[in-house]
Each structure stands twice: as structure tokens, then as C-alpha cells.
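Data first, discussion second: the structure below is written as C-alpha cells.
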Amino acid sequence: MTSFSPLPATLIEPIVRVALLEDLGRSGDLTTDAVIPYDCTATLVLKARQAGVVAGLDLVSYAFLLVEPAINIQIWRPDGSEVGAGETIARLSGPARGLLTAERTALNFLCRLSGIATATAAMVEAVRGHKARIVSTRKTTPGLRALEKYAVRVGGGANHRFGLDDGVLIKDNHIAIAGDIRTAIERARAAAGHMVKVEVEVDTLKQLDAALAIGVDAVLLDNMSVEDLARAVSIVDGRTITEASGRVMPKTAAAIAATGVDLISMGWLTHSAPILDIGLDMPDHQNICKHLN
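The opening position of the sequence shown corresponds to residue 1208 in the working numbering, with each subsequent residue numbered one higher.
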């Protein structure tokens, strides 16, 4: 897998705090506070219920520690680890109320991000042996883009632009409203700073020829057949970066990669990847409740 950097605390903490407030509302955890004595302590384990790739443990830590700073968290399988069904990911011990109150928020983050990382790892494996890299798109959950793109990196993929402000991508509607592909590219070139890349989406080989004649940093080959993708790569002949996109699925990725494209972008990774089933369970032979001294 490719290397990845942990998410900064300044990004994680506000997101987790909002999620906890959404769950706790105005009155806190009515069920746990009623059922569990305030001085009860417990030990629980995060356990994978299916095989996959772990991502999101920093968010898990924040979820528990924002609720109860006295909780001790021992991570056994850090982000990027491949785990099997039944394998323990982390062990948590401390005040039982805090463990139960933060459980769902922590699992929502962990299951979601681990699912994305697992799906990405499967796609990376599907194109192994080809030069194509798997990249994510802006088709993310509102407010959670940085987290979901992080999970893609954990799974061995890479990121496309994060937002509208870090790259020019001229799409079909831009071209239609501008009038033609030449006008759109020339306007983008004139307006973009020297550090900004310009990519253009093309649907046909004729559009590709037009884009190459003007000059762009990358071409997004949208919804092309495998045959047309191979022709497009041959036409480009290394003059610019080639990106295949449009309804890419696990069963089609290998054939697309075999055409020689540089990148394969997939909205599916972040909008449709299933969660990785992970639970917070009582370890074997655990006492039901211990009381603080």
C-alpha cells in the first residue's frame, strides 16, 4: 500500500464533536445513565466481523476521549492494517458510561472509513500489474470529504482534487456553455495561476484531438469504451496524463487499466462502498462490571 499521513487533530476534533452532539442532544445518554452506575468500569474490544482494511482509529480515539478522558485505548491494529474476521483491532477500558455513550459515534466513523479503505484496496489489487492508479473524486459525503479521501489513501489509492479551488477541470457543461472546447481551454489557461493544473473532460476522440492541439495537463476520458480508451492512450502517446472515468466498477477496472491509462477515477469508492462490519464487544471472561475504588 502507498504511504499515508494521519489526519491533523485540528480537522478531526471538530467533526467528531459535531457527531457526538448530534447523538447526545440536550439531555445526554438517557439509557446508559439510567442503567449503568456512574462508578462502573469495563473493558471492551473493537473486533472486525469481516476481513478488510482498518481506517479511522484516530476518530475513534477522539470520540471516546471527548466523552470520557479517563478511557484507556490500546490500538493493536493501526490504520492501514489488513484484518481478518474475528481479529481484535483495539482494546478500551475505563468508565463504562463513557464506553457505551461514545460507542455508536466511534463505530460509525470506523466502519465507514474502513469500508472505503477496504474497497480501495480491492480496486488497487484489481489493477495490479498495470501503471494505472486508483483515485477518488468529489462524490463524497458533505462535510466528510477529508475523512473519506483519507480512507482512500489508507487503502492504497490516491486523491483527485479536494475541491473546486485546487485545480481546473473543464467538464462537458463548461464546454457547452462556453461554446466550444477551444474557448473553454483558452479561457482557463488565461485565468489559472502558474501552479494550477488544467484538465479537460472529453467524450470523443475528436474532442481529444482538439484538446491536445491546444495543450492541457491532463485529459479525462469520460464514459469511453475500452476500445476507445486504448485508442485515446495511443493518440496521447505520453503527451499528457490520461484519466479514465465514468461508471467504473470493480468488475471493469482491470480491463480499463489494461488500456494503459495513467489514472482511474471512481466515485463509487466514496459514495457506494459498503461499510466494514466492526463491533465493540465484551472480551471473553470479562466481569460484567467493576467499580471504581
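Think of the CB as a built atom: it goes at the ideal place given N, C-alpha and C, for glycine as much as any other residue. These numbers come from a predicted model, not from an experiment.
- Taking the Cα positions, Pro1213 is about 43 Å away from Lys1413.
- The beta carbon of Asp1265 lies closer than 7 Å to those of Pro1213, Leu1214 and Ile1219 in the same chain, with the five residues before and after it left out.
- Counting only residues of its own chain and dropping the five nearest sequence neighbours on each side, Lys1378 has a CB closer than 6 Å to the CB of Glu1408.
- Proximity of the segment 1422-1442 to the segment 1461-1468 meets the contact definition, three or more beta-carbon pairs being nearer than 8 Å.
- Contact between Leu1306 and Leu1251 holds: CB atoms are separated by about 6 Å, below the 8 Å threshold.
- Contiguous beta strand (DSSP E) elements confined to the segment 1251-1317 occur at 1279-1282 and 1295-1302, taking only those with 3 or more residues.
- Runs of the beta strand (DSSP E) lying entirely within the segment 1401-1482 and spanning at least 3 residues, in chain order: 1405-1409, 1425-1429, 1448-1452 and 1470-1472.
- At least 9 Å separates the beta-carbon of Ser1343 from that of Glu1332.
- In this structure, DSSP gives Thr1248 an extended state, which the three-state scheme calls strand.
- Taking Asn1366 as the centre and dropping the five residues before and after it, the same chain places the C-beta of Val1342, Ser1343, Lys1356, Val1359 and Arg1360 closer than 8 Å to its C-beta, in chain order.
- With a cut-off of 8 Å on Cβ pairs, the segment 1259-1273 is in contact with the segment 1293-1311, counting three or more such pairs.
- Looking only at His1381, Ser1288, Leu1415 and Gly1422, the smallest Cα-Cα distance to Arg1396 is reached by Gly1422.
- Of the residues Ala1226, Thr1295 and Gly1374, the one whose Cα lies closest to the Cα of Asp1491 is Thr1295.
- In the assembly as shown, Cys1496 is an exposed residue. Its beta-carbon has fewer than 16 other beta-carbons within 10 Å.
- Shown here, Asp1491 sits in coil according to DSSP, grouped into three states, outside any helix or strand.
- About 6 Å separates the beta carbons of Val1403 and Val1375, which is inside the 8 Å limit, making them a contact pair.
- By the beta-carbon neighbour count (other beta carbons within 10 angstroms, threshold 16), Arg1233 is exposed.
- Counting only residues of its own chain and dropping the five nearest sequence neighbours on each side, Ala1418 has a CB closer than 8 Å to the CB of Ile1388, Ile1392, Val1407, Val1409 and Val1426.
- Leaving aside the five residues that flank Arg1446 on each side, the residues in its chain whose CB is nearer than 7 Å to its CB run, in chain order, Leu1419.
- In the displayed model, Lys1497 falls within a strand according to three-state DSSP.
- Distance from the CA atom of Ala1216 to the CA atom of Ala1324, rounded to whole angstroms, is 20 Å.
- In the structure shown, Leu1376 adopts extended strand secondary structure according to DSSP, grouped into three states.
- Taking C-beta atoms as the reference points, Val1260 and Leu1487 fail to come closer than 9 Å.
- Taking the Cα of Leu1299 as reference, the smallest distance to any Cα among Ile1280, Val1290, Thr1312 and Asp1286 is reached at Ile1280.
- Each residue's CA atom was taken as its position, placing Ala1292 and Ala1460 some 26 Å apart.
- If one requires a minimum length of 4 residues, the alpha helix (DSSP H) runs lying completely within the segment 1333-1364 are 1352-1361, in chain order.
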